[in-house]
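From first to last, the protein sequence lines stand for chains A and B. Going from the first sequence to the working numbering is simple: count from 1 and add 570. Going from the second sequence to the working numbering is simple: count from 1 and add 570. Notes follow the structure.
Number of protein chains: 2
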Amino acid sequence: MEHGRDAVTLRAIAREVGITAPALYRYYDSREDLLRRLAEDICTDLAAELEAELDRIDADDVSAQVYAVCRGFRRWALAHPQEFTLVFASTEDALGSCGPDDRGQVGDQFGRVFLEVAGRLIASHPLPDDLGDDVPEDLHADLAVFQQVLLATVNDRGVEVDESVLPLGAVYHVTQSWVRIYGHVALEVFGRFPFAVSNPEPMFDSMLAQILGEMGFRHLTRP
Amino acid sequence: MEHGRDAVTLRAIAREVGITAPALYRYYDSREDLLRRLAEDICTDLAAELEAELDRIDADDVSAQVYAVCRGFRRWALAHPQEFTLVFASTEDALGSCGPDDRGQVGDQFGRVFLEVAGRLIASHPLPDDLGDDVPEDLHADLAVFQQVLLATVNDRGVEVDESVLPLGAVYHVTQSWVRIYGHVALEVFGRFPFAVSNPEPMFDSMLAQILGEMGFRHLTRP
DNA sequence: CAACTACGTAAACACCGTTCACTCGACCGT
DNA sequence: ACGGTCGAGTGAACGGTGTTTACGTAGTTG
Numbered sequence: 571m572e573h574g575r576d577a578v579t580l581r582a583i584a585r586e587v588g589i590t591a592p593a594l595y596r597y598y599d600s601r602e603d604l605l606r607r608l609a610e611d612i613c614t615d616l617a618a619e620l621e622a623e624l625d626r627i628d629a630d631d632v633s634a635q636v637y638a639v640c641r642g643f644r645r646w647a648l649a650h651p652q653e654f655t656l657v658f659a660s661t662e663d664a665l666g667s668c669g670p671d672d673r674g675q676v677g678d679q680f681g682r683v684f685l686e687v688a689g690r691l692i693a694s695h696p697l698p699d700d701l702g703d704d705v706p707e708d709l710h711a712d713l714a715v716f717q718q719v720l721l722a723t724v725n726d727r728g729v730e731v732d733e734s735v736l737p738l739g740a741v742y743h744v745t746q747s748w749v750r751i752y753g754h755v756a757l758e759v760f761g762r763f764p765f766a767v768s769n770p771e772p773m774f775d776s777m778l779a780q781i782l783g784e785m786g787f788r789h790l791t792r793p
Numbered sequence: 571m572e573h574g575r576d577a578v579t580l581r582a583i584a585r586e587v588g589i590t591a592p593a594l595y596r597y598y599d600s601r602e603d604l605l606r607r608l609a610e611d612i613c614t615d616l617a618a619e620l621e622a623e624l625d626r627i628d629a630d631d632v633s634a635q636v637y638a639v640c641r642g643f644r645r646w647a648l649a650h651p652q653e654f655t656l657v658f659a660s661t662e663d664a665l666g667s668c669g670p671d672d673r674g675q676v677g678d679q680f681g682r683v684f685l686e687v688a689g690r691l692i693a694s695h696p697l698p699d700d701l702g703d704d705v706p707e708d709l710h711a712d713l714a715v716f717q718q719v720l721l722a723t724v725n726d727r728g729v730e731v732d733e734s735v736l737p738l739g740a741v742y743h744v745t746q747s748w749v750r751i752y753g754h755v756a757l758e759v760f761g762r763f764p765f766a767v768s769n770p771e772p773m774f775d776s777m778l779a780q781i782l783g784e785m786g787f788r789h790l791t792r793p
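And the structure:
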């Protein structure tokens with residue numbers, strides 16, 4: 571992957587494994603299938619990396635966990651731009667949308683880690699009343715589904731919460747936060763900011779601070 | 571492009587033009603060079619499309635212009651996902667960062683249209699005092715450069731403004747807005763929202779409303 | 001009219017995804 | 001112990017790709 575998606579060649583892989591190219595067809599239906607499963611593996615690796623970082627953090631300091639996951643995601647994306655492009659910036663028909671399930675989650679394993687932290691974040695803290703005040707009517711149904719997914723993800727880790735602490739406005743805010751985090755990381759990876767940012771890291775951190783601030787976390791130490 | 575970047579083949583192009591593949595080397599140094607210049611052409615087309623939409627809008631209604639450009643960008647991206655991927659989601663080493671100039675602007679022509687509207691927006695309206703209150707110190711230098719670019723872009727269209735109406739906080743807010751707009755569009759094109767959004771359009775519109783709201787435009791008609 | 005240039009071609013090379021016929025060794029039931 | 005079956009791998013082949021090279025061939029210029 572280091573040299574881009576086009577460099578992921580059946581013959582190159584076969585050479586590295588010590589077999590011939592047609593032998594790969596015993597394990598993969600086609601090159602596209604191989605790339606799809608490679609993307610899944612990359613997701614799993616990224617998730618493991620983030621989870622390892624999470625383990626080094628106080629289990630009660632949720633905002634520190636948010637920082638760790640988001641910064642870890644950015645750091646990983648900048649260190650592995652080609653992998654990021656494959657997993658997070660490929661059209662679905664070129665990758666099969668990461669999983670045969672109908673709903674196209676964000677890279678299965680990676681999404682789990684992210685949702686878990688997001689769920690714990692809004693569950694661990696009294697939220698401002700005006701958060702996500704005007705969530706559009708048309709999104710209520712979709713957000714309600716996502717709300718249940720978040721609840722299930724959090725409950726899987728032992729913490730019991732009901733939907734009263736996970737209002738739709740907060741769910742909407744989490745979605746908007748993902749838009750901003752993903753947007754910043756992708757723009758940085760692809761060099762598509764409207765001007766040359768000489769040091770994007772403080773910009774990312776201040777965005778995280780603002781996102782957390784809107785959720786009621788103010789005056790944080792930024793670990 | 572319709573069938574993806576990989577389908578942009580020297581021989582296919584030559585076939586369509588009625589010559590043979592090696593003849594293309596009279597005009598392009600390599601396939602990569604061709605793709606780079608194709609990306610520039612796509613940017614120009616997109617810019618022309620947006621500008622055509624702008625011409626159908628009252629020249630004084632700046633917020634309507636913002637809606638038109640942002641919605642046009644989203645509509646174009648969804649209608650041309652492969653082109654969007656090539657121009658807005660490709661690593662720089664695979665495309666040369668859109669232009670030989672040192673500073674990697676967002677697709678030259680397209681960026682111009684966007685900056686123009688953004689500049690007119692913040693110049694046409696008294697901004698809230700708390701806008702972009704805590705812009706990180708480390709970004710002051712970069713933002714100042716961007717501020718000058720915005721001023722130059724606006725002045726090029728006849729409107730004379732000085733930097734007093736274009737405070738750094740507003741410039742920072744424009745950058746954050748681009749992060750959100752780009753993030754939403756890219757997530758939608760790539761199907762990487764954390765849950766299945768059955769109708770993303772109101773979500774996009776409400777994001778635009780919020781962005782404009784933060785700049786002091788409240789209770790807008792959404793054309 | 002000779003020389004030069006722009007434009008295009010055919011052939012070739014190395015590589016690619018994919019298919020097909022084939023071999024080889026391990027395993028299994030009798 | 002033996003024939004049969006099956007998974008894993010191979011080599012050859014096909015059509016397609018980017019790219020280079022040598023060659024042609026009109027049109028322009030001195």
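Positions of the beta carbon are idealized from the N, C-alpha and C atoms, including for glycine.
Could you spell out where the alpha helix (DSSP H) holding residue i opens and where it closes?
| i | result |
| --- | --- |
| A:E805 | In the structure as shown, chain A starts at 571 and stops at 793, and residue 805 of chain A therefore has no counterpart that could be examined. |
| B:N725 | 710 to 726 |
| B:V751 | Per the sequence shown, residue 751 of chain B should be read as Ile rather than Val. Looking at the DSSP string, the run of the alpha helix (DSSP H) that includes B:I751 is 738 to 760. |
| A:M773 | 770 to 784 |
| B:R788 | Segment: none, B:R788 is in no alpha helix (DSSP H) and carries neither H nor E. |
| B:S734 | From DSSP, B:S734 is part of no alpha helix (DSSP H); its letter is neither H nor E. |
| B:L651 | The residue asked about is misnamed: residue 651 of chain B is Pro in this sequence, not Leu. Run containing B:P651: 651 to 658, per the alpha helix (DSSP H) assignment. |
| A:Y687 | Just to set this straight, residue 687 of chain A is Val in the shown sequence, not Tyr. From DSSP, the alpha helix (DSSP H) with A:V687 extends over 678 to 693. |
| B:R585 | 580 to 587 |
Quick one: list the residues of chain A neighbouring residue i, beta-carbon separation under 8 Å, in chain order.
| i | result |
| --- | --- |
| B:H754 | V749, G753 |
For residue i, which residues in chain B fall below 9 Å Cβ to Cβ?
| i | result |
| --- | --- |
| A:N769 | D708, L709, D712 |
| A:P696 | None at all; the shortest Cβ gap to chain B is about 23 Å. |
Find the nearest neighbour of residue i within the set the options, judged by alpha-carbon distance.
| i | options | result |
| --- | --- | --- |
| A:F787 | A:P696, A:E707, A:S734, A:P706 | A:P696 |
| A:D615 | A:L721, A:D631, A:H650 | A:H650 |
| B:P764 | A:G689, A:R601, A:F765 | A:G689 |
| A:A577 | A:I692, A:E653, A:A693 | A:E653 |
| A:S694 | A:D630, A:L685, A:V719 | A:D630 |
| B:E733 | B:S747, B:A766, B:W748, B:F716 | B:F716 |
| A:E662 | B:R762, B:I627, B:D775 | B:R762 |
| A:A779 | A:A634, A:L608, A:V657, A:A659 | A:A634 |
| B:V767 | A:T745, A:V683, A:P772, A:E771 | A:T745 |
| A:D703 | B:M777, B:L608, B:I692 | B:M777 |
| A:D611 | A:E784, A:P698, A:L656, A:V632 | A:L656 |
| B:F684 | B:G783, B:Y637, B:M773 | B:Y637 |
| A:C613 | A:P698, A:G588, A:A647 | A:A647 |
| B:V632 | B:A609, B:E686, B:G588 | B:E686 |
Taking residue i as the query, report the chain B residues whose CB atoms sit under 8 Å from its CB, ordered along the chain.
| i | result |
| --- | --- |
| A:Q825 | Residue numbering for chain A in the displayed model covers 571 to 793; residue 825 of chain A lies beyond these limits and cannot be assessed. |
| A:F658 | F760, R762 |
| A:T655 | A659, S660, T661 |
| A:G681 | P764 |
| A:L685 | P764 |
Contact check, residue i vs residue j under 8 Å by CB: the rounded distance?
| i | j | result |
| --- | --- | --- |
| A:T590 | A:A582 | Not really, about 12 Å apart at Cβ, beyond 8 Å. |
| B:V749 | A:H754 | 5 Å |
Using a C-beta to C-beta distance shorter than 7 Å, which residues of chain A count as neighbours of residue i?
| i | result |
| --- | --- |
| B:M773 | P706, L709 |
| B:F765 | R673, D712, V715, F716, V719 |
| B:G642 | Here the premise fails: no neighbours, minimum Cβ distance about 17 Å. |
Starting from the beta carbon of residue i, find every residue of chain A whose beta carbon is closer than 9 Å, and list them in chain order.
| i | result |
| --- | --- |
| B:L778 | Going along chain A, no residue has its Cβ under 9 Å from B:L778, so there is no contact; the nearest lies around 11 Å. |
| B:T745 | F763, P764, F765, V767, M773 |
Run down chain B in chain order and give the residues with a C-beta less than 7 Å from the C-beta of residue i.
| i | result |
| --- | --- |
| A:L757 | V749, Y752 |
**Study point:** Inter-stretch contact (C-beta, 8 Å, three-pair minimum) for the region 614 to 624 of chain B and the region 636 to 645 of chain B
**Key:** Look at the beta carbons and you see the region 614 to 624 of chain B touching the region 636 to 645 of chain B: at least three pairs across the two are nearer than 8 Å.
Exercise for review: Spell out a yes or no on whether the region 755 to 769 of chain A and the region 716 to 727 of chain A are touching, meaning 3 or more CB-CB pairs, one atom from each, closer than 8 Å.
Suggested key: No, the region 755 to 769 of chain A is not in contact with the region 716 to 727 of chain A.
Review point. Should the region 702 to 715 of chain A be regarded as contacting the region 675 to 690 of chain A, the criterion being three or more beta carbon pairs within less than 8 Å?
Key: The region 702 to 715 of chain A vs the region 675 to 690 of chain A: no contact.
Review point. Are the region 738 to 750 of chain B and the region 599 to 611 of chain B touching, with three or more C-beta to C-beta distances below 8 Å?
Key: The way I'd put it, the region 738 to 750 of chain B doesn't touch the region 599 to 611 of chain B; fewer than three beta-carbon pairs between them come closer than 8 Å.
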